[in-house]
Amino acid sequence: MPQVNGDNLLHQQIVKRTIEALQVQDEAFAIEYETASDADLIDYVRRCVDASYTPAPCEIVGGAYIAQRFGNWSTALKAAGLPSQYKPPREHHYPRYEQEYQRQEAQLIQERKAKRQAKADLIAQRKNRDKARAAANAAKKNEKK
């Protein structure tokens with residue numbers, strides 16, 4: 007039977023949760039800015055861009071939606087008066103992803119601790135219940151004698 011690597015399994019869970027959280031953020035952005043003008047979106051892109059670096063659409067919240075609205079990301083960058091050349095980051099190696107990964111990791115660890123504590127509390131509660139039952143049964147036996 008193959009051995010399961012707990013650290014890798016934890017990493018996979020965090021990656022999955024991180025990707026889902028980023029998708030939710032992008033969907034919320036698309037809903038919020040659905041009626042926004044192109045000028046508003048261009049202003050948003052300008053605010054998100056670092057002076058020395060042109061981001062890929064995945065690096066800013068709503069980047070995919072903005073790219074869709076303008077036809078593609080390069081067109082959106084040109085409309086914002088920014089260099090249209092950008093270097094897509096390696097998979098999962100950009101600040102937005104890494105920040106969300108850290109947030110999801112902390113949240114998952116906290117959830118696991120809470121789950122373990124709840125389980126320990128339940129076990130302690132059952133032990134106390136069993137002790138009380140045993141004491142009651144012993145008292146009944148002593149009463150019968």
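For the sequence shown, the residue numbers in my numbering are 7 to 151.
All residues carry an ideal CB built from backbone N, CA and C; glycine is no exception.
**Report entry** Tyr50 - DSSP class collapsed to helix/strand/coil
**Finding:** helix
Query - Nearest-angstrom Cβ-Cβ length linking Ile66 and Arg102, presumed shorter than 8 Å - result: 7 Å
Query raised in the report: Grouping DSSP H, G and I as helix and E and B as strand, with all else coil, what is Tyr107?
Result: helix
Requested in this report: Put Tyr100 into one of helix, strand or coil per three-state DSSP.
Outcome: coil
Query - Whole-number beta carbon distance between Asp32 and Tyr71, since they are thought to touch under 8 Å - result: 6 Å
Requested in this report: Evaluate Val51 with the Cβ neighbour count: other Cβ atoms within 10 Å of its Cβ, from every protein chain shown; 16 or more gives buried, anything less gives exposed.
Outcome: buried
Report task. Can you tell me which of the three DSSP states Tyr59 falls into? Result -> strand
Query raised in the report: Can you name, in chain order, every residue of its own chain whose Cβ lies under 6 Å from the Cβ of Leu83, other than the five neighbours on each side?
Result: Ser90
Requested in this report: Please classify Thr24: is it buried, with 16 or more other beta-carbons within 10 angstroms of its beta-carbon, or exposed?
Outcome: buried
Query raised in the report: Is the beta carbon of Ala27 less than 8 Å from the beta carbon of Gln110?
Result: yes
**Report entry** Residue burial classification, Gly68 (beta-carbon count within 10 angstroms, cutoff 16)
**Finding:** buried
**Report entry** Inter-residue CB distance, Pro61 and Cys54 (contact presumed, cutoff 8 Å)
**Finding:** 7 Å
Query raised in the report: Just how far apart, CA to CA, sit Ala36 and Arg75?
Result: 10 Å
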